[in-house]
Every structure is written in structure tokens, then in C-alpha cells.
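J.: The structure is given below, and queries will be raised subsequently.
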Amino acid sequence: MKPISLTNKEQATADKELQADLADQGEIPDHIAIIMDGNGRWAQNRGNLRAYGHKAGVNSVRDITEACAQIGVKYLTLYAFSTENWGRPKIEVNALMHLMARSLRKEAQNLKENNIKLQTIGQVDRFPKKCQRELREAILCTKENDGLHLCLALSYSGRWDITEAVKKISQRVKEGDIEPDEIDDETISAHLSTARIPDPELIIRTSGEYRLSNFLLWQLAYSELYITETYWPDFRRNELYKAIQSFQERDRRFGEISENNTKESMNLSVQELTS
Ligand code: IPE
Ligand code: IPE
Ligand code: MG
Numbered sequence: 001m002k003p004i005s006l007t008n009k010e011q012a013t014a015d016k017e018l019q020a021d022l023a024d025q026g027e028i029p030d031h032i033a034i035i036m037d038g039n040g041r042w043a044q045n046r047g048n049l050r051a052y053g054h055k056a057g058v059n060s061v062r063d064i065t066e067a068c069a070q071i072g073v074k075y076l077t078l079y080a081f082s083t084e085n086w087g088r089p090k091i092e093v094n095a096l097m098h099l100m101a102r103s104l105r106k107e108a109q110n111l112k113e114n115n116i117k118l119q120t121i122g123q124v125d126r127f128p129k130k131c132q133r134e135l136r137e138a139i140l141c142t143k144e145n146d147g148l149h150l151c152l153a154l155s156y157s158g159r160w161d162i163t164e165a166v167k168k169i170s171q172r173v174k175e176g177d178i179e180p181d182e183i184d185d186e187t188i189s190a191h192l193s194t195a196r197i198p199d200p201e202l203i204i205r206t207s208g209e210y211r212l213s214n215f216l217l218w219q220l221a222y223s224e225l226y227i228t229e230t231y232w233p234d235f236r237r238n239e240l241y242k243a244i245q246s247f248q249e250r251d252r253r254f255g256e257i258s259e260n261n262t263k264e265s266m267n268l269s270v271q272e273l274t275s
């Protein structure tokens, strides 16, 4: 059967309908975090160099960012380069840095026009000067925006984040600014690189790997996990909508019990429970 081909206008209308359905079905997460994985395998499966996959992955970043802005997601955090990724061959690291600088230059205006505010977490000062310059310019260019917050995790790792928070808190204890007994969950959250960002409700990992790879270790404590076999360069908005749909079907209990069960257990006497 011949596939139905839609014009751009028809496609945009179909997309708006899908987005409206999604919003009607349930809550759209405020914060989605994504481990964008599988670029290398996507390229190698096509007989191409891994760098080709990274390049193709930029199109997914654009599409997912745009879709998140349209459906009202407030924060999107993308794991773009981990602390451990510095251990890859120099040629791949260089290709990634080059691609990042180029994409930032190309996309900054687009982000501005879509009311998207760019920010970063991680050790950006480890990046080449050119990348740092492009990042600064893109952040500056979008600083007045108040729509979607796009947060790029660059040279980031969860353990690095927690270690830095511990150092900052220790310093405050040393200066007598805070008592050790006063340190709680909120103190730690407030000293992480994500201090002003709520924890993600949904974490997506592409390419079928079932691990966190040192991403947002503290912040993901109660995030819903969604793992898809799809490689990042093939992950587009329809897949994102599927992930959100799956999120909407979850019963988020946070260690407690769901409402129906609460009613049931209220009718139980202590005696019934212990006999
Ligand atoms: C994710 O894709 C991009 C980065 C980690 C920078 P990979 O490069 O890890 O691709 P695979 O997982 O090897 O296929
Ligand atoms: C995680 O992917 C890091 C990013 C997506 C930036 P990796 O490909 O580096 O993770 P591992 O090696 O499979 O755990
Ligand atoms: Mg990988």
C-alpha cells in the first residue's frame, strides 16, 4: 500500500490534534530529562562513521525541543556530553565539539524566536574556547525568553554535581553559616547545579540501554523511567508523545499507597492487620 503523504500544512494540523489529545488525556510533565543515546550505532548500522550519527542527532534535538515548547513542557534537560565522554577517542570528541559550536551558532536565533531560554549544567569550562563563546552568545541571545527552559548537560555527571554540592555545603558549615544538623534534602537540592529547576517527572533514554550513566543521580529519585529501543537520531516528536502517554498512565505513589488502597486500609482495624 502506498503511504499516505501529508503536505506540511496537513502535517502541522495532524500534529496539533495529537498535541491537544495528549493534553486532554492527562498531565504534561513540567520537566523532561533525556539521555540522548545511540548516535554511533545509528550511523554504524548505515555503514557510516559515528560522527555522522551525532550530526543526525541534532535534527532530533531541534524537533524534540520544538515539540516540548509547543505542548507546554517547562523544562527540558538534554544529556549531551558526560564527564566520562572525555575518555572517547580525540577525533570523536573533536567532532562533537565542532558540531556543538556550529549547531549553537545556527540555532540561537531559532531558539530566540521560539521563546526558548537556554542554559547549561556541567563543567563547561573544560570545553574549547570556541564552544564556550558560542554557548555564551546563545545564552545571552535567549536570556529574556520565558517559555521552555532548555538545559544542556555538558561535561556533566551526577557524581560531579553531588561532589560540588558537598564542597559548597562544607564551606558554609566551616564559615558557621549553617549547622550540620540543619542539612536536609532541600539544602542539598539547593546546592546542586539544578538548584532553580524542579526535579524531572519523566526521564527518557533512547537506544535500549537500561542505565543512568551518571546523569542527574540525586534529581531522578522519583522520576518515571521510559526506555525505548529507538536510536536518538530516529527519536522524533511522535515517540516523545508516546513517552508522555506512558507517563500519564503511571500510578506515582512516592512510597505511599494509591487512593483506592488508602480507603481500603482505613477500614482495616489494627487488630485485623496484626492477627
Ligand atoms: C550518544 O550517542 C551521544 C553521546 C554520548 C555524545 P553515542 O555516541 O553514545 O552512541 P552509541 O551509544 O555509541 O551508539
Ligand atoms: C550517556 O551515553 C551520555 C550521553 C548521552 C551524553 P553514553 O553512551 O556515554 O553512556 P554509556 O557508556 O552507554 O553508559
Ligand atoms: Mg552511547
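In terms of full-length UniProt numbering, the sequence shown has 170 at position 170, counting the first letter as 1, and numbering is strictly consecutive. Glycine included, every Cβ here is placed at the ideal spot set by N, Cα and C.
Please tell me whether GLU17 and ARG62 are closer than 8 Å, where the distance is taken between their beta carbons.
T.: Cβ atoms of GLU17 and ARG62: not closer than 8 Å.
J.: When the Cα atoms are used, what is the spatial distance from GLY72 to GLU66?
T.: Taking the straight line from one Cα to the other gives about 10 Å.
J.: Could you pull out every residue in the same chain whose Cβ sits closer than 7 Å to the Cβ of LEU104, ignoring the five residues on either side in sequence?
T.: Only GLU134, LEU135 and ALA138 meet the Cβ criterion.
J.: State the DSSP-derived secondary structure class of LYS2, mapped to helix, strand or coil.
T.: Note that LYS2 scores a pLDDT of 46, beneath 50, so its modelled location is shaky; the value from the coordinates is reported in the next line. Of the three classes helix, strand and coil, the one that applies to LYS2 here is coil, per DSSP.
J.: Shortest alpha-carbon distance to GLU230 belongs to which of ASN45, LYS74 and LEU140?
T.: First, the amino acid is wrong: residue 230 is Thr here, not Glu. When each option's Cα is compared against that of THR230, the closest is ASN45.
J.: Tell me whether GLY40 counts as near ligand 3, meaning its Cβ is closer than 7 Å to at least one heavy atom of that ligand.
T.: Yes, since a heavy atom of ligand 3 falls inside the 7 Å radius drawn around the Cβ of GLY40.
J.: To the nearest angstrom, report how far apart HIS31 and CYS151 are at their CA atoms.
T.: Their backbone Cα atoms lie some 10 Å apart in a straight line.
J.: What is the rounded straight-line gap between the Cα of LYS2 and the Cα of ALA14?
T.: Note that LYS2 scores 46 on pLDDT, short of 50, meaning its location in the model is unreliable; the coordinates nonetheless yield the value given after this. Cα to Cα, the separation comes out at about 19 Å.
J.: For ASP125 and LYS242, what's the separation of their Cα atoms in angstroms?
T.: When rounded, the distance between both Cα atoms is 36 Å.
J.: Candidates ASP146, PRO128 and ILE227: which alpha carbon is nearest LEU99's?
T.: Here the closest residue by C-alpha is PRO128.
J.: With distance defined between alpha-carbon atoms, name the residue in ILE28, ALA95 and ASN59 nearest to ASP234.
T.: Considering only alpha carbons, the answer is ASN59.
J.: Taking contact to mean 3 or more Cβ pairs, one atom from each stretch, closer than 8 Å, check whether the region 139-159 and the region 76-89 are in contact.
T.: Yes: the two stretches touch, three or more of their Cβ pairs being nearer than 8 Å.
J.: Measure the Cβ-Cβ separation of GLN248 and GLN19 and say whether it is below 8 Å.
T.: No, they are not a contact pair.
J.: Helix, strand or coil for TYR226? Go by DSSP, reduced to three states.
T.: Three-state result, TYR226: strand.
J.: Going along the chain, which residues of its own chain have a beta-carbon closer than 6 Å to the beta-carbon of residue 279, five neighbours each way excluded?
T.: There is simply no residue 279 to check, as the chain begins at 1 and stops at 275 in what is shown.
J.: Give a yes or no on whether the C-beta atoms belonging to ILE28 and ILE244 are separated by under 8 Å.
T.: Their beta carbons are under 8 Å apart, which means ILE28 touches ILE244 by this criterion.
J.: Which one or two residues does DSSP pair with LYS117 in a beta bridge?
T.: Answer by DSSP bridge pairing, in chain order: HIS149.
J.: Count the other CB atoms, across all protein chains shown, that sit within 10 Å of the CB of ASP21; report buried if there are 16 or more and exposed otherwise.
T.: Counting Cβ neighbours within 10 Å, ASP21 comes out exposed, since fewer than 16 surround it.
J.: Please classify GLU259: does DSSP put it in a helix, a strand, or coil?
T.: Helix at GLU259.
J.: Buried or exposed for LEU273, going by 16 or more other Cβ atoms inside 10 Å?
T.: The residue is exposed, with fewer than 16 neighbouring Cβ atoms inside 10 Å.
J.: So, using beta-carbon positions, are GLY96 and HIS54 closer together than 8 Å?
T.: Per the sequence shown, the amino acid found at residue 96 is Leu instead of Gly. Contact: yes.
J.: Three-state secondary structure (DSSP) at ARG205?
T.: In the structure shown, ARG205 sits in a strand (DSSP, three-state: E or B).
J.: Among ARG41, GLU179 and GLU224, which residue has its Cα nearest to the Cα of PRO200?
T.: Cα-wise, what sits closest to PRO200 is GLU224.
J.: Can the beta-carbon of GLY122 be found closer than 8 Å to that of TYR156?
T.: Taking 8 Å as the Cβ cut-off, GLY122 and TYR156 qualify as a contacting pair.
J.: How would you write the range of the beta strand (DSSP E) that ASP127 sits in, first residue to last?
T.: Checking the sequence, you will find Phe at residue 127 rather than Asp. Neither: PHE127 is in no beta strand (DSSP E) and is coded neither H nor E.
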